[in-house]
């Protein structure tokens, strides 16, 4: 059993690297959005032409990014969504809703401060974790049956 | 053609009432989550028993609310999601993602300040409006072909 | 919003009547399997011809009952599954699994003694209740937003 | 043609090993839940944090196990569900219902004593066997056309 | 609960009338293909223009009939397929396969002579009957719980 | 049996009126896009705000029109697509492809000059007609079994 | 592009071998039912135990065969269904209907005598051929673009 | 992540070769219709027998081509549809509609002259490009996160 895992959400810390590193040796493959903030914002106009209006600038980029995001979520068995401490992060919550409607197994990752604000999102998850190593432990258990020592 | 419209998101202003009132006479039906904040927070424990832990208190309520929310979104032709000025509103973004994955026609309603933060959400919508009366005008046009005078 | 509710499981107490009675005045419709135990066991051979072998006797009846059960679950918005104190009740758990895979909102109803044995089933539910009146209160809240006094 | 087989249900005898051993040389791959009873019960709290309330202890574990179970059933061509002599085994019946709703080919494996109690479950199966070697023989026939000597 | 029933297959006896008549008073609605043999054969060319080649003559008619047949089967809860004593009746078997793939509840109706030839079709049905009155009795039982006196 | 019919395509002749008029008395309901060319082009900017760039002007309108078009096609049993003598009419062919992928029964309506250019589209249809009255005759036959006199 | 092809229907001539042989070198894989008539008839009772009643003897076998048949059809891109000169061959027509409902590309293979009787089945096919070599030529064209010399 | 890309539409320029060439080294696979115009027109009659009527000649070919086209689109993650300067190109628009209904990520490729005529098609796309190299740049960005220098 290979688990396909999509890592959605917060892009300003190294939580994805921690999970990928921790999961070495497990039969899991990882996918994620483009996490280079500038590239992600500008990809639409850089490729398809400038837009003077910021709204359409953003729109063109969001559409191009959706090609990767949808593919990543639709191919995944497990979607991990990380909410960081800052920013609105509505795209993270959007991905969680998208994944939930497709019946994906959701793992939500956030600190205790966000519990009340994320209660509807957490309620659709199969696991709510605070730290990346817990996600690794879940993947290890799911794939091998082994619990943390 | 009857349009079934689900009104998701912000619950602290009267935008739902404005839309329902403005759409009088149109062949549209409206549905929405429970918008009584206290009831929505406490429904789980009020019916199914107290929880000393706030996380499970919230969880039980979010699950009961999901019975209504899922039904509302799954039955809808059009899902309108309103983002207000305050709070995280992750459940609004979650609903948008859920509706998008089900192929619903999305209308996103928010002020100009949120444009950049909502770019991924807006990019999945068929219309992005700033004011409730614009939603009414869309519904009127879709149902009757009439544009605003 | 009309909620279509399917009442699956235990057939030896009046829990269905309590829910239907309690929900009077709510915009809910109810459906259930044939709850006459003898008719349910014998319907296959009574209509389609005797079987000397008890296995095929049972089989024929289970197939005919499935016409009603599948229709009831597939049409439902909410599936309530009641586990009583006695018997194996594997068909109740089967219905819960069937409903879960179809994405129905599940309410599981059972006494505290069955908590551990039903943990996988409960984990797929949006509400786990002990008493029929709690199901009524959930339906009332979901349909009207009103909590128990 | 490779057959993907999921082995659900009873975890106290070596029926899974018998099938996997017997099917050596056939183009079949096998998957199953975590069958270490203690790990399966405790995985939620071991990874995600203790719960003083036994219900939530169980709930957290059941959710984590569901990541593996759903993946296993959804990927499978054939789902074998074994009912042993003891315990409620509601999760086995739940898996059977879940698999049936997804249109999987079901093989139910149980002793003659459970025939009446399992009649609804058996009625959705493509084969009802009493012994693990019969499952092997079915897989051999399906994959190669060879019947038992 | 209203049962939508599609009556497919043999068109040279009055079995449809017997079922519709027998089911009077039950909450069932019936649909069927056009049973006027000549109209059914010629509808394509009568409306869309003559074809000198008999193959395309037949083809045009079969396509027009498919508008009705598909709608009837897709809308149905229960599909009854009757095999008579004569002719190839491949369209009946085709309809059975089509309905089976859509997950419809199938009732197959045929005399004992066809048992072996129809074994694959019968194996997908929830009931195999010999006489139209048995179909009525199934519908009555499914809708009301009443068995034949 | 009520047939829901969506009338897509050419908007410069009265073919829709001819079909609706001709089908009076039949159990059919009709839906169509907004056929007021100017309103259809300008609906986006009229409701949601001006766009200096013609591309986004068009885009906004096309998105709003999609709310009606998708609903119309998704609700339909039969989708009639008319190709007129002029213009590119790519939206007509797009609607045909959209409807085909959803498994709708397609009727294509066009003059003999377009046969070669429309061969791929015609090949997915259940009927290819040249005149609106033929569509009426198909609907009458499908609903009542009556052929043209 | 690899084409997965399922070869359904008549089992008394070597048409499958002709197609598989002719398609050597093409990127196509083939699957089929068990074509050993005796094994196919007896597989159920040979593995799962004798049945004195011929109906249940047949039923058990048909169910076991369905494990292979369903998998073969559901995995296929193209389903070829061959109708021979003899027998009822209802299972062939059933497979065609099953495949059609799943949206598979159908190729029907039969002699000219069966044209009228198979008109509904042919009308759902993308190709109707008379000889196995034509199926090979279709596969070659679809995979390589090369037409017969 | 491997992206499966289907290249639909215009067949008279080398845009497909430009994209495939430009994408060398990327983890993308490409598929397309048969682009030999004569073979594509005649494949039906060349394999399945002559038709004196041009309509059926075209029809037979369109059906055979559909085996490849459907497979290509259904397998794809991304569907690129190119509209050239000439011809009706209704099959290109049909493919776009078919792909849109299946939820594929669409990239539309056309010159500025077609903007108004393609507005409904463009409105369903995630990117609208004018030149083949832009499609390559999108694929590179989606697969690697790298923007054009």
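Residue numbers (UniProt numbering), protein chains in the order written: chain A, 1 to 149; chain B, 1 to 149; chain C, 1 to 149; chain D, 1 to 149; chain E, 1 to 149; chain F, 1 to 149; chain G, 1 to 149; chain H, 1 to 149.
Heads up, the beta-carbon is just placed ideally off N, CA and C, and yes, glycines get one too.
Beta bridge counterpart(s) of residue i as assigned by DSSP
i                    : result
residue 7 of chain A : A:80
DSSP state of residue i mapped onto helix, strand, coil
i                      : result
residue 29 of chain F  : strand
residue 147 of chain G : coil
residue 58 of chain D  : helix
residue 63 of chain C  : helix
residue 22 of chain G  : helix
residue 34 of chain B  : coil
residue 14 of chain D  : coil
residue 72 of chain G  : helix
residue 49 of chain D  : coil
Exposed unless 16 or more other CB atoms sit within 10 angstroms - verdict on residue i
i                      : result
residue 148 of chain F : exposed
residue 146 of chain D : exposed
residue 137 of chain C : buried
residue 59 of chain G  : buried
residue 46 of chain A  : buried
residue 104 of chain E : buried
residue 124 of chain B : buried
residue 54 of chain C  : exposed
residue 98 of chain G  : buried
residue 33 of chain D  : buried
residue 12 of chain B  : exposed
residue 112 of chain D : exposed
residue 6 of chain G   : buried
residue 150 of chain G : Residue 150 of chain G lies beyond the range of chain G shown here (1 to 149); nothing can be said about it.
residue 24 of chain E  : exposed
residue 130 of chain C : exposed
residue 100 of chain E : buried
residue 14 of chain A  : exposed
Fully enclosed by the stretch 78-138 of chain F, which beta strand (DSSP E) runs are 3 residues long or longer?
78-83, 105-110, 127-129
Between the stretch 37-63 of chain D and chain C, which residues of the former have a C-beta closer than 8 Å to a C-beta of the latter?
54, 55, 58, 59, 61, 62, 63
Interface positions of the stretch 14-39 of chain E facing chain F (Cβ-Cβ less than 7 Å), listed along the chain
31, 34, 36, 39
By the 8 Å beta-carbon criterion, what residues does the stretch 116-127 of chain H contribute toward chain F?
116, 117, 118, 119, 120, 121, 122, 123, 124
Closer than 8 Å, Cβ to any Cβ of chain C: which residues of the stretch 68-86 of chain E, in chain order?
77, 78
May I ask you to list, following chain order, the residues of the stretch 94-114 of chain E that have a beta carbon less than 7 Å from some beta carbon of chain G?
94, 95, 96, 97, 98, 100, 101, 102
With 7 Å as the limit, tell me which residues of the stretch 129-144 of chain H have their beta carbon closer than that to any beta carbon of chain A; keep them in chain order.
129, 134, 137, 138, 141, 142
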